[in-house]
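Chains as they are written, first to last, in this note's numbering: chain P, 6 to 212; chain F, 258 to 462; chain S, 139 to 633.
Positions of the beta carbon are idealized from the N, C-alpha and C atoms, including for glycine.
Computed from a prediction, not measured in an experiment: that's the story for all the values here.
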């Protein structure tokens, strides 16, 4: 993506910073984290989205050189995969509530280790790579949702069992909607990515 | 590192190694995916000292948790208005007590049900709860922690998280706890494992 | 209206990877047919291999046949689609390798682990073996299916990528601008339309299939994570039906591509053609409830929907394809050789095979027919005389020595042996179904045995014919990769 103007980038960056700090305020955290659904399906995705939008503001040549130095798209996808999976562990959710260190780790790792690597990797991924990330993510979401719905035990000590079940349903519904949306993008021809993963680092435009 | 492919392979492997290590570290070697399991695994590995708290039992007697030192103590957490799990907890505690040789009861092993709801649970309701399950008030006492700060530190030490539900009651992690003769929490087990729990106690007598 | 004219295209030989697909296909197909014969012989009381081996063979026969027709169909689709869009050979080969890994897992599960819960892995059977097979065997079987599914997802993602790149979206791949707007004659060729349809439905089907497989694997090891049995059945049959339906839509590309070469008449992607493929894209995903019509616990609207869409979906593509084939052949003076014969008879097989399903899709009939041999009668006609005939037609085409080569009497005899063998064998299935003989039974009552014996003789005839087909293909394999004109021009154009 070419920056339309540095003015725009500065405003966007400022907006994202404000949103990030807003999410970090005790009031917002208390409200978001009071329910499992809001915690997992609103607060955490928002942190990732902030990371994604912020990373897209970085200069293109800078993104390219980071990618080139750190071995291309695959390691970045793997980093995002590990980091996002970690925060899906019930134990990590509990820890974020009870341990300030874990909470800080969450606020830093979601934008930095999920959003940022995805942005960098995405531009190099063809439809196969993107399809792999999408189908992997969607199926993980659906299966996790199902596990939350049918789990015979309360997986998080900090949340009500009803909350766990409704979070599970939201995940399953979300997975179905995401899948339909992704199929829809294939129908209109979007989401394909570059034809070949370019290795020389010139980079094609972001989808 | 010459070719980009080689670099990609090396870095990906490093990332996978590091990621696996983080998961290993964060789940106690892939054993504890939930905070509840983690709590149990950790207690088994290193028994945890408990804070000094003052309790009040169903007859209004004031005593300390430390008074039990030198004996094995089974602890569970309840609130008397509970209509679900705490009721079966009562039955389970009764079952455990009946599995222990009578000569050890009181002398070497006691039971304690602690209410985390001191506002509602006065000695009268504690007594009523105890009578429902045949607690004698000596070998098996029902007690509350009147001081809020002490209650908080006790719950924290045990790893009990209590959250209000939408019906005016509470949801909390329910388990059987065993405090050793040294006054340290040494075992936490599932409430459907009453028999193995009792066997463990008998082995330690 | 747009006009369509036939533009002759040079006849391309198959890439080595396509040949590899076809060789694997005919070897496995032959082996699975032998397994089929073994089951019929057992029911005929000619042999006594016992229940355990019967059900093991039945499980292998089902999983093997579904897998191998998908592989053969993919070979046809990929061979022709490659002439319009840029496909990745690496992924095509990877799919075959992944498939073979899955096959090894399934073979080990059944032959070593004694798994025999049928290929449909219907919940909760794989997990409740009563000690007949181990947890590991069930996991290996479901894992094998999962692995095969992953390979096909990769293949379809690559096809989607290629179609989107060339045409600008799957909607355009189905010819929607020409379907919903003015027909400018630029609709994608039939091969692309069919591949697009198959890719869409298979991606959806495979994702659902993989989800239920993962859920069942979790449930296998942690039974407290319970699965709703009705949900599981719905998901399994959604996946299974979509996947097995898609094979004929892949194979029919051979008809669209090859028949026009004989008569030099174009196969038109006109509005009717496009409309029927778009309609089937949607309907194929909603007809699986005809497997569930006996489950009264399902909501009524769901079953009625299955009934109606099942009726509707029988026709569009079948009629459009049948009519299209007639238009190509009618008064063209087409020269009948093994390839054109097999392709033409495949449309007959498809039409005849669809009828029993149409009848079985009626709720009141389904109650009494679905668990009888009527249903195997349906899908054996449909797959063997329809889909597999297309595959053999394609094979004969690839290895036809030259434009004017004549078929030997043995091949012609094998063709009729194939047709008569299949008809006789499937008729005995259908008649047994009418007589209420249950399906999936190792042992039959004495009254049923005569039908089983008649079927066995026809299967032997069929097997002998297929042996000729396979032998012919394998001995002439060298020709498959060359580029030369294979179709004999029809008398109306040949001068």
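For residue 424 of chain F and residue 299 of chain S, I'd like the C-alpha separation in whole angstroms. 53 Å
Mind checking if residue 540 of chain S is an interface residue toward chain P, Cβ cutoff 8 Å exclusive? no
What did DSSP end up calling residue 8 of chain P once you bin it into helix, strand or coil? Annotation note: pLDDT 48 at residue 8 of chain P (below 50); position unreliable, coordinate value reported separately. The answer is coil: DSSP assigns residue 8 of chain P none of H, G, I, E or B.
How about residue 478 of chain S and residue 397 of chain S: are their beta carbons less than 8 Å apart? Pairing residue 478 of chain S with residue 397 of chain S gives a Cβ-Cβ distance under 8 Å.
For residue 141 of chain P, the first and last residue of its enclosing alpha helix (DSSP H): 132-155
Residue closest to residue 424 of chain S, alpha-carbon to alpha-carbon, out of S:481, S:392, S:400 and S:383: S:383
Applying the criterion that 16 or more other CB atoms from any shown protein chain within 10 Å of the CB defines a buried residue, is residue 7 of chain P buried or exposed? Because residue 7 of chain P sits at a pLDDT of 48, beneath the cut-off of 50, its placement in the model cannot be relied upon, and the following sentence gives the value as read from the coordinates. Its Cβ having fewer than 16 others within 10 Å, residue 7 of chain P is exposed.
Whole-number beta carbon distance between residue 563 of chain S and residue 530 of chain S, since they are thought to touch under 8 Å: 16 Å between Cβ atoms; not a contact.
Measuring alpha carbon to alpha carbon, tell me which residue in S:607, S:557 and S:532 is nearest residue 699 of chain S. Shown here, chain S extends from 139 to 633; a query on residue 699 of chain S therefore has no answer.
For chain P, is any of its Cβ atoms less than 8 Å away from the one on residue 269 of chain F? yes
contact_flag[the stretch 262-275 of chain F, the stretch 390-404 of chain F] where n(CB pairs < 8 Å) is 3 or more: no
7 Å Cβ shell around residue 635 of chain S - same chain, five flanking residues per side excluded: No information on residue 635 of chain S is available, as it lies outside the stretch 139 to 633 that chain S covers here.
I need the straight-line Cα distance from residue 62 of chain P to residue 49 of chain P, nearest angstrom please. 21 Å
C-alpha distance - residue 570 of chain S paired with residue 509 of chain S, whole-angstrom precision: Taking the straight line joining both Cα atoms gives about 11 Å.
Taking all protein chains shown into account, do 16 or more other C-beta atoms lie within 10 angstroms of the C-beta of residue 183 of chain S, making it buried, or fewer, making it exposed? exposed
Going by the beta-carbon positions, is the gap between residue 282 of chain S and residue 244 of chain S smaller than 8 Å? In this structure, residue 244 of chain S lies closer than 8 Å to residue 282 of chain S by Cβ.
Measure the alpha-carbon distance for residue 34 of chain P versus residue 173 of chain P and round it to whole angstroms. Cα-Cα distance, rounded: 21 Å.
Partners in chain S for residue 157 of chain P, counting only beta-carbon separations shorter than 7 Å: 362
Enumerate in chain order the residues of its own chain whose CB-to-CB distance from residue 276 of chain F is below 8 Å, with the five nearest sequence positions on each side excluded. Once the five neighbours on either side are set aside, residue 276 of chain F has no close Cβ partner at all.
Looking at residue 290 of chain S and residue 324 of chain S, is the spacing between their C-beta atoms short of 8 Å? no
What ranges does the alpha helix (DSSP H) occupy inside the stretch 164-228 of chain S, keeping only unbroken runs of at least 4 residues that lie completely in it? 188-219
Would you tell me roughly how many angstroms separate the C-alpha atoms of residue 574 of chain S and residue 542 of chain S, rounded to the nearest one? 49 Å
Can you check which of these residues, F:375, F:414 and F:271, is closest to residue 317 of chain F by C-alpha distance? F:375
Does the beta-carbon of residue 96 of chain P have 16 or more other beta-carbons within 10 angstroms, so that it is buried, or is it exposed? buried
Does the stretch 81-94 of chain P come within contact of the stretch 271-289 of chain F, defined as at least 3 CB pairs closer than 8 Å? yes
Between the stretch 410-427 of chain S and the stretch 230-237 of chain S, are three or more C-beta pairs nearer than 8 Å? no
Residue burial classification, residue 439 of chain S (beta-carbon count within 10 angstroms, cutoff 16): Exposed, by the Cβ-count rule.
8 Å Cβ cutoff, residue 126 of chain P in contact with chain F: no
Kindly indicate the opening and closing residues of the beta strand (DSSP E) around residue 257 of chain S. No beta strand (DSSP E) holds residue 257 of chain S; DSSP gives it neither H nor E.
With residue 167 of chain P as the anchor, note down where its alpha helix (DSSP H) starts and where it stops. 166-193
Which residues in chain P have a C-beta closer than 9 Å to the C-beta of residue 601 of chain S? List them in chain order. Those within 9 Å of residue 601 of chain S in chain P number zero; the least Cβ separation is about 40 Å.
Between the Cα of residue 68 of chain P and those of P:134, P:126 and P:193, spot the shortest distance and give me the residue it belongs to. P:126
Pairwise C-alpha distance: residue 377 of chain S and residue 382 of chain F: 57 Å
Given residue 229 of chain S, which residues of its chain have a CB within under 7 Å of its CB, disregarding the five upstream and five downstream residues? 292, 293 and 296
Please list the terminal residues of the continuous alpha helix (DSSP H) segment that includes residue 333 of chain F. Careful: residue 333 of chain F lies outside any alpha helix (DSSP H), inside the beta strand (DSSP E) at 329-335.
If we cut at 8 Å on Cβ distances, does residue 44 of chain P have a partner in chain S? Not closer than 8 Å to any Cβ of chain S, the Cβ of residue 44 of chain P fails to qualify, so no.
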